[in-house]
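Throughout the sequence shown, residue numbering follows the UniProt record's numbering, covering 1 to 318 in sequence. Note that CB positions come from ideal geometry on N, CA and C, so glycine has one too.
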Amino acid sequence: MRARYILLILLAIAAPFFIYPTFLMKVLCFALFATAFNLLLGFGGLLSFGHAAFFGGAAYICATVVQQWGLTPELGILAGALYALVLGAIFGWIAVRRAGIYFAMITLALSQLIFFLALQLPFTGGEEGIQGVPRGRLFGVLDLSDNLAMYFFVLAVCAAGFWLIHRTIHSPFGHALTAIRENEPRAISLGYDVSRYKLLAFILSATMAGVAGALKSLVFQLATLTDVHWHMSGQVVLMTIVGGLGTILGPAVGALTIVSLENQLADRVGSWVTVIMGAIFVLCVMLFRRGIVGEFNAWRETRRRRSARGSSGPTDAP
C-alpha cells in the first residue's frame, strides 16, 4: 500500500513536465473536493447536496482576501478554510438532526442561500464574479505566477489534505463513523454520540472542500457563481460515484475521469456535455455501482480468493 502511494507521488511530481499544468491543477482541486465529499457520503452515509456552498464560498473568500486585502495566497486559503469550517458547523448543526432525503434537501436549501448571497452581495461581483485574482507570492517569497511553482504548491496542499482524510478514515473516529453508517441503532446502543460524530465529519468534509475551492480560485484567478451553484454539488456527487464510493482513491480517479471527459468533449459537443455526463452517471449507477476503483478492487479480491482456493486444493496422496 505504501509503495502504491509513493508511486503516485512520483507520478504527480513528473506529470507537469509532460501534461499541461493548469489541467493537472484543476484535477487536483476537484480530487480533493471529491475526497472530502467521500468522507461524508462514502464513510458517513450522509448525502449532501450543498457542498458547493463550501467550495464556491471559500473561492469567493480567498479571492477577496488576496485581491482586495492584498494578503498572501496561504492566508487566502486559510481564510477560505476557516469560512468553510464555520459554515460547515452551522449547516451541520442544522442538518444532522435529520436523515436520508431530509438531510439532503436541507443541505441543498442552505446552499441556495449562499448562492443568493453570492449573487447579491457587492464584493462578489454579481454575475461577473471576482476576476483577475493575483496568485501572489507564497510566504512573500515564491512567485506563484509561474505555472510550475503554482502546480507544486497545489500538489503539496492537496497531498496534505489527502493525508488528513486518509488518517481520519483509518482512525478510531473513522471506524466509529463507518459503524454508524452500517448500523446507526447498534452504534447508539453501544454508547456512541451519533449526532456528534456526524457533525464532526460534516465540519471536516466542509473544511477540506473549502480548501479545494480556495485553491481553485487561485489557479484560475477567478471566483464565479458556477463554483457555488447547485450544479457543482451534483458534479462532486458524480465524481465520487464514478470513481468509487467509500474507497480511498476512487474520488480522485472519478475527478480525473470527469474533468478529462469535460475537457475533451466541451469543444466537440458544446452544451451536450451535460447530457453525456448524465448518461455516464446513469450507466455507473445501473451497471458499475461500485465505481471504477470499487469494481477493480472487487475483481482483484475475487481473483485472489480463486487463487487461494486453487493453491489450497486437494493434492494426490503419495
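Counted within 10 angstroms of its Cβ, other Cβ atoms place residue i as buried (16 or more) or exposed
| i | result |
| --- | --- |
| H51 | buried |
| M232 | buried |
| V264 | For clarity, residue 264 is Gln in the given sequence; the question names Val instead. Per the 10 Å Cβ criterion, exposed. |
| R181 | buried |
| S111 | buried |
| N38 | buried |
Under 8 Å between C-beta atoms of residue i and residue j
| i | j | result |
| --- | --- | --- |
| G254 | G294 | no |
| I258 | V282 | no |
| Q131 | L222 | yes |
| A209 | L177 | no |
| T207 | G88 | yes |
For residue i, three-class secondary structure by DSSP
| i | result |
| --- | --- |
| G213 | helix |
| Q235 | helix |
| Q120 | helix |
| Q131 | strand |
| D193 | coil |
| R290 | coil |
| D143 | strand |
| A99 | coil |
| L75 | helix |
| A317 | In this prediction, A317 scores a pLDDT of 45, lower than 50, which makes its location untrustworthy; the coordinate-derived value is nonetheless stated afterwards. Three-state DSSP puts A317 in coil, outside helix and strand. |
| L222 | strand |
Own chain partners of residue i with C-beta closer than 6 Å, once the 5 adjacent residues on each side are dropped
| i | result |
| --- | --- |
| D143 | R137 |
| G310 | none |
| L199 | G92 and V96 |
Distance cut-off 7 Å: residue i Cβ against heavy atoms of the ligand GDP
| i | result |
| --- | --- |
| L87 | Looking at this structure, you won't find the ligand GDP or any other ligand, since it has none at all. |
Same chain, Cβ closer than 7 Å to residue i, five either side skipped, listed in chain order
| i | result |
| --- | --- |
| T107 | S48, F49, G50, F91 and A95 |
| T224 | G129 |
Problem set entry | Sufficient close CB pairs (3 or more, under 8 Å) joining the stretch 70 to 90 to the stretch 202 to 218 | yes
Exercise. Taking contact to mean at least 3 C-beta pairs separated by less than 8 Å, is the stretch 161 to 171 in contact with the stretch 28 to 41?
Worked result: yes
Exercise. Is the number of C-beta pairs between the stretch 191 to 205 and the stretch 16 to 30 that are closer than 8 Å three or more?
Worked result: no
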